[in-house]
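Asks: Below is one structure. I have some questions about it.
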Amino acid sequence: MADHPAWLDDALTGPKRRLLIISPWITGSVVTRQFVGRLEQLARSADVTIFWGFGDNAKTDRHALQSLHDAAGRSSRLAVVRVDDTHAKILVSDSYYVKTSFNWLSFRGDSNRKFRQEEGDLVSDQVLADRAYDRYMRENCGLALEIVGTLPERYRTYVNPASSTTGPPPSSPDAMSPPRQSRAERKREALKSLSVGEVVSGTVKTITNFGAFVDLGEVDGLVHISQLADRRVDHPSDVVSVGDAVTVLVQDVDLDRERVSLSLRAVPQ
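In the working numbering, the protein residues as written are 298 to 566.
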């Protein structure tokens, strides 16, 4: 059981093409603000699809679900799909897939809990992973009750219009996506969602003489040269490079000036 969170963490950073997660329930213990940020970052370059739903969905945290829906509304490669009573707990990445009894999006796998033996299968083979991805996508798209966001184009025709709650024919990308917010609106919401002291993930976008700008999704933040390391830094490029994935701490959010101050050195170890 303790290995599962590590595989989920890898799936949020490793894939170049796709990520598929099937989990009956969604809770805030897993789907945190940082988790959603990493998921949204991944969806900038890979297709990300989440299938969820079981019974009356009483065990699903509505706030956590809404945060996923909001992220799907901002992305063109992220879909959150409600299906009817899934018992599956599946994770499919580029070159492997995991079929298990672990609830990926509702249980953290706390090592302090009483041990309970649960078994699953890890298949590290790209051909088999490709087949599993295609099968699970086709099967679950056919069971879709609600789609928020955008499915990969090749699977849109598998959605049953009679059971989907998205309105117009699901083969149309516009029919499957909520109304798009303007870039300014998305940036404003992203700024409001950040909290001082919060630890977030991003990608180094630009390096200047005075620091490094980090792409956090809809907004960039600055790590001043003084906040890059616990030592003297002659130039930011001595510590980071463009394209590096970094974890940073939010030091200040200026809504009026639309600026975010970040720190690399202050991140808790």
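Yeah, the Cβ is synthetic: ideal placement off N, Cα and C, and Gly gets one too.
Can you name the start and end residues of the alpha helix (DSSP H) that Trp304 belongs to?
Replies: His301 to Ala308
Asks: Can you check whether the CB of Leu305 is closer than 8 Å to the CB of Val345?
Replies: no
Asks: Quick one: grab the DSSP three-state call for Thr397.
Replies: coil
Asks: In whole angstroms, what separates the C-alpha of Ala348 from that of Leu309?
Replies: Sequence inspection shows Phe at residue 348; the Ala mentioned does not correspond to that position. Those two C-alpha atoms are separated by around 16 Å.
Asks: Answer with buried or exposed for Ala303, where buried requires no fewer than 16 other C-beta atoms within 10 angstroms of its C-beta.
Replies: exposed
Asks: Could you check the C-alpha separation between Ala376 and Arg485 for me, to the nearest Å?
Replies: 22 Å
Asks: State the Cα-Cα distance for the pair Asp553 and Lys356, rounded to the nearest angstrom.
Replies: The alpha-carbon atoms of Asp553 and Lys356 are separated by roughly 39 Å.
Asks: By the 10 Å Cβ neighbour count, where 16 or more other Cβ atoms means buried, how is Asp549 classified, buried or exposed?
Replies: exposed
Asks: Please list the terminal residues of the continuous beta strand (DSSP E) segment that includes Val333.
Replies: Run containing Val333: none in the beta strand (DSSP E); it sits in the alpha helix (DSSP H), Arg330 to Leu339.
Asks: With a threshold of 16 other CB atoms inside 10 Å of the CB of Leu425, please say whether the residue is buried or exposed.
Replies: Leu425 counts as exposed, since fewer than 16 other beta carbons sit within 10 angstroms of its beta carbon.
Asks: Looking at C-alpha atoms only, which residue of Gly508, Val380 and Val557 is the closest neighbour of Trp322?
Replies: Val380
Asks: Between Val539 and the rest of its own chain, which residues show a CB-CB distance below 8 Å, the 5 nearest in sequence each way excluded?
Replies: Val501, Lys502, Thr503 and Ile504
Asks: Compare the beta carbon distance of Gly499 and Val547 with 8 Å and say whether it is the shorter of the two.
Replies: For Gly499 and Val547, no; Cβs fall outside 8 Å.
Asks: Using DSSP bridges, identify the partner residues of Gly499.
Replies: In the DSSP output, where bridge partners are listed per residue, Gly499 has Val543.
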